[in-house]
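**Q**
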Amino acid sequence: MRAIEHSVEEEPLIKKARVIDKVENCCEVPMLSLNETAVDGNEEVSLLDVEVKKDTCVASGKNGEVNVEVESNESKIEEVSALSLADRKHVVSGGETIEKLPVLVELEKNNEVPVVENNNVCVASGGIREESGSNSSVLRKKLLVLDLNGLLADIVTPLKDVPADINIGRRAIFKRPFCDEFLKFCFDKFEVGIWSSRKQNNVVRITEFLLGDLKNKLLFCWDMSYCATTTVGSLENRHKYVVFKDLNRLWEKHDPRLPWKMGDYNETNTVLLDDSPYKALLNPPYTAIFPHSYNHQNKTDTSLGNGGDLRLHLEKLVEAENVQDFIKKNPFGQEAITEVSESWEFYREIIRMLRISSQTYRLRNFIR
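Using UniProt numbering, the letters of the sequence shown correspond one by one to residues 1 to 368.
1) Quick one: is residue 328 buried, meaning 16 or more other Cβ sit within 10 Å of its Cβ, or exposed?
2) Identify whether residue 217 lies in helix, strand or coil by the three-state DSSP scheme.
3) For residue 229, which beta-bridge partners are listed by DSSP?
4) Is residue 344 helix, strand or coil when you go by DSSP?
5) Under the three-state reduction of DSSP, which class applies to residue 149: helix, strand or coil?
6) Go ahead and pull the three-state DSSP assignment for residue 257.
7) Sort out for me which residues DSSP pairs residue 143 with in a bridge.
8) Should the segment 140-155 be called in touch with the segment 166-180, which here means at least 3 C-beta pairs below 8 angstroms?
9) Using only the alpha-carbon positions, how far apart do residue 287 and residue 280 sit?
10) With 16 as the cutoff for other CB atoms within 10 Å, does residue 297 come out buried or exposed?
11) Which residue's Cα is closest to the Cα of residue 194: 182, 172, 218, 171?
12) Using CA coordinates, which residue listed in 273, 264, 243 is at the minimum distance from residue 253?
13) DSSP beta-bridge partners for residue 171?
14) What's the gap between the Cα of residue 283 and the Cα of residue 340?
15) What is the residue span of the alpha helix (DSSP H) that residue 309 lies within?
16) Determine the contact status of residue 310 and residue 291, defining contact as a CB-CB distance below 8 angstroms.
17) Which residue wins for smallest C-alpha separation from residue 196, given the options 243, 342, 295?
18) Buried or exposed, going by whether 16 or more other CB atoms sit within 10 Å of the CB of residue 237?
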């Protein structure tokens with residue numbers, strides 16, 4: 001096992017918004033904080049998810065049953081995938097059951113999230129395709145969450161003798177071969193979203209360059225501010241902090257503008273495509289595919305093309321009934337990080353420290 005090389009300050013690492021319902025009620029909800037000083041511009045995000053449900057009461061009488069619809073303020077409290085692995089024998093992203101840490105929060109009254117009712121498409125400004133009502137086509141396709149760097153392009157420090165396709169935010173962008181063809185396939189067979197761990201401004205500009213008009217078909221375009229961040233340098237680059245892409249934030253609609261209903265998407269019909277396996281450590285097993293990273297120096301790369309290995313793999317996934325079953329039975333690309341991985345102890349320690357910092361945050365919040 002790899003020794004732990006980095007220290008983690010005992011302070012909040014993931015931020016969790018409190019859920020508002022009734023002043024006299026108390027609920028258990030994880031309270032974690034996002035780090036404000038991560039590499040490439042971590043942005044603090046405060047997310048709230050409240051769903052008002054309607055209960056149907058059935059009364060029996062001589063003249064038959066009468067259905068009475070009663071509206072109740074039953075708030076669905078969001079939970080962050082959490083972070084206790086010390087006492088678990090299963091594997092994160094390979095069979096791990098992650099314990100969720102409770103935090104006692106006083107609830108306040110009359111503070112609800114407004115419902116977005118807008119048919120306009122807006123990816124660049126808010127990162128979400130805003131729609132009113134439910135989209136029936138969403139339910140017929142699986143949700144494909146695409147990374148940018150290493151998957152659709154190679155984003156590197158500008159090179160003197162190698163001209164890039166474009167320079168954005170002091171970075172050279174090399175578009176991957178067959179990217180356009182691959183994206184058309186993705187939008188045809190899946191519902192598609194972008195999730196990158198870069199700054200919002202750069203994500204928007206890179207997305208516009210790579211996708212062109214297809215960007216208007218995105219269900220969402222998320223940046224680092226939606227990631228769970230830490231202050232620990234990654235094994236690949238000590239100056240690049242470890243971040244996680246928690247799919248629960250999509251499934252539980254942490255952003256109410258997401259154009260689907262809570263429950264439409266889950267671990268059975270969502271797949272994350274990312275070249276960094278550790279970023280999926282907070283997610284259920286077999287919900288991500290980890291292709292090998294694209295390098296612009298590879299002039300013979302055909303993975304995204306018709307007949308390419310990644311394209312063929314996704315074509316089979318389209319026909320699968322269950323994402324997790326398919327990924328488990330059809331391994332592809334890099335392996336998920338498990339207990340047998342060399343880096344397991346490194347990431348296990350990070351998750352353990354996340355739990356400690358969340359407890360500290362809970363205590364401070366309770367005292368206030």
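Glycine is no exception: its CB is placed at the ideal position from the N, C-alpha and C atoms.
**A** If we stick to the structure as given:
1) By 1-based counting over the sequence shown, the position of residue 328 is 328. Under this definition residue 328 is an exposed residue.
2) Locating residue 217 in the sequence shown gives position 217, where the first residue counts as 1. Collapsing the DSSP output to three states places residue 217 in a helix.
3) Residue numbering aside, residue 229 sits at position 229 when the sequence shown is read from its first letter. Partner(s): 243.
4) Your numbering for residue 344 matches position 344 in the sequence shown. DSSP places residue 344 in helix when its eight states are reduced to three.
5) As a position in the sequence shown, residue 149 is number 149, starting the count at 1. Three-state DSSP puts residue 149 in a strand.
6) In the sequence shown, the residue the question calls residue 257 occupies position 257. Under the three-state reduction of DSSP, residue 257 is assigned to coil, being neither helix nor strand.
7) The residue you call residue 143 lines up with position 143 of the sequence shown. Note: residue 143 sits in a beta bridge opposite 191, 270.
8) Yes, since at least three Cβ pairs between the segment 140-155 and the segment 166-180 fall closer than 8 angstroms, the two stretches touch.
9) The residue given as residue 287 occupies position 287 in the sequence shown. The residue given as residue 280 occupies position 280 in the sequence shown. As the crow flies, the alpha-carbon of residue 287 is around 8 angstroms from that of residue 280.
10) As a position in the sequence shown, residue 297 is number 297, starting the count at 1. That one is exposed.
11) One-based indexing of the sequence shown puts residue 194 at position 194. Out of 182, 172, 218, 171, 218 has the C-alpha closest to the C-alpha of residue 194.
12) The residue labelled residue 253 in the question sits at position 253 within the sequence shown. Nearest C-alpha to residue 253: 264.
13) In the sequence shown, counting from the first residue as 1, residue 171 sits at position 171. Residue 171 is bridged by DSSP to 168.
14) By one-based count along the sequence shown, residue 283 stands at place 283. By one-based count along the sequence shown, residue 340 stands at place 340. Residue 283 and residue 340: Cα-Cα distance of roughly 18 angstroms.
15) For the purposes of this step, residue 309 is taken as the residue at position 309 of the sequence shown. Residue 309 -> alpha helix (DSSP H) spans 309-319.
16) What you label residue 310 is simply residue 310 of the sequence shown in a count that begins at 1. What you label residue 291 is simply residue 291 of the sequence shown in a count that begins at 1. The answer is yes: Cβ separation under 8 angstroms.
17) Counted from its first residue, the sequence shown places residue 196 at position 196. Cα-wise, what sits closest to residue 196 is 243.
18) Here residue 237 refers to the residue found at position 237 of the sequence shown. Exposed, since its Cβ has fewer than 16 Cβ neighbours within 10 Å.
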